[in-house]
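Visitor: Pasting in a structure now, in structure tokens, and then I'll have a few things to ask.
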Amino acid sequence: MKRANSLQQTGRMLLAGVFLLATVTAGKTSTAQSSAPTNAEKLGFPKGKKILLLHSDDAGMCEEANLAVMAYSLKNHVQSAAVMMPCPNAEEMVAWAKKHPQADIGVHLTLTSEWKNYRWPPLAPAADVPGLIDPEGKLWPEVIDVVRHASPEEVEQEIRAQIDRMLELGHQPTHIDTHMGTLYGSAEFLTVFLKVAQEYQIPANAIDLSNPKVAAYYKQAGYPISAETIAQLAAYQLPKLDNFTSVPKGSSYEEKKANFFQLVNALDPGLTEIIFHPSIETDHLKSITGSWQQRVWEAKMFSDPEVIRFFKDHGIVLTTWREIMKRHQSNN
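Right, here's the structure in full:
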């Protein structure tokens, strides 16, 4: 029960945007300095550099999220985003992505429906995935609910349905990742996640757990990290991340930026994905989520001249899943 409660809290932490936060004081998720090459170096990025993959989560969830993702891409500030295919505005996001090939758009594999009054069912037929469906006919609200009720076979069927739906709409996803971290919620789910990624040859947000600090943090957070899990990820044949974190919250926009700068300064060199959830401010967004203010600030943060200057002044290299996969393919 302790692991289950911890896992449920971790899912909520991800939703709140503070998942695996590598702060100066904690420093537990940064890649250890060592003689071994980082995953960034293996991809041909300069040694000793911090390589950031800025990633907009929750595209397709609502129009407000789509507009924020589109604006970033058109300004060439943030290209990477992933679409929640079971959600109401997924198809319009995919249609836009088809017309904007510079955008780095993947599938945000979604097995939970976490909001109280704004929810969605799975894409797979309900009769085929009963363990994914709550009493309201929607996906379960919490990560632990999915772990308790769904089989790996049901999870695999649903994530394939979501990837296939994007393909049917005519867009080749550049990557896949996991909403609320659900596919890291059990060893069996992770097996499915990595298998599907390699079968489709679409990179997943696979985190290199050979770094003891990273593995220890995940384990402390309640994830079922074991020697087998670490070996699974080591055997994964597509690109891996050195680190994974999210944009921290703030009580004001300026504090939020300061917390983000602190986060980046605390990172060790390597390839780090940093997720955030940008959305345009509307009454509709406010009716969906209590985190609307953080999301609104995140919709302007990476177009802020101060943030852009910070990256330049600190020698930060920005990348996308599209570039990562190109580098991987050229090395193999």
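When you line the sequence shown up against my numbering, it's residues 2 to 333, in that order.
Glycine is no exception: its CB is placed at the ideal position from the N, C-alpha and C atoms.
Using the Cα positions of Ser247 and Ser36, report the straight-line distance between them to the nearest angstrom.
Guide: 27 angstroms
Visitor: Pairs of beta-carbons, one from the region 206-217 and one from the region 233-245, closer than 8 angstroms: are there three or more?
Guide: yes
Visitor: Using beta-carbon positions only, say whether Pro153 and Thr113 come within less than 8 angstroms of one another.
Guide: no
Visitor: Assuming His150 is part of the alpha helix (DSSP H), what are its boundary residues?
Guide: Val144 to His150
Visitor: Note the first and the last residue of the continuous beta strand (DSSP E) segment covering Ile334.
Guide: Any answer about residue 334 is impossible in this case: the structure gives the chain only from 2 up to 333.
Visitor: Mind checking whether Gly182 and Thr39 have CB atoms under 8 angstroms apart?
Guide: In this structure, Thr39 does not lie closer than 8 angstroms to Gly182 by Cβ.
Visitor: Might you give, ordered along the chain, the residues of its own chain that have their beta carbon closer than 7 angstroms to the beta carbon of Ala98, omitting 5 neighbours on each side?
Guide: Ala104, Ile106 and His172
Visitor: Suppose you measure from the CA of Trp116 to the CA of Ser280; what does that come to, to the nearest Å?
Guide: 15 angstroms
Visitor: Using the rule of at least 16 other Cβ atoms within 10 Å of the residue's Cβ for burial, across every protein chain shown, is Asp58 buried or exposed?
Guide: buried
Visitor: Taking Cβ positions, are Asn67 and Met94 nearer each other than 8 angstroms?
Guide: Cβ atoms of Asn67 and Met94: closer than 8 angstroms.
Visitor: Report the rounded CA-to-CA distance for Phe303 versus Leu239, giving the unit in angstroms.
Guide: Whole-angstrom Cα-Cα distance: 28 angstroms.
Visitor: Which residue marks the beginning of the alpha helix (DSSP H) containing Lys241, and which one marks its end?
Guide: Unbroken run through Lys241: none, as it is neither H nor E.
Visitor: Rounded to whole angstroms, what is the Cα-Cα separation between Ala236 and Lys287?
Guide: 43 angstroms
Visitor: Return yes when the Cβ of Gln158 is within less than 8 angstroms of the Cβ of Leu110, no when it is not.
Guide: no
Visitor: Label Pro89 either buried or exposed according to how many other C-beta atoms from any shown protein chain fall within 10 Å of its C-beta, with 16 as the threshold for buried.
Guide: exposed
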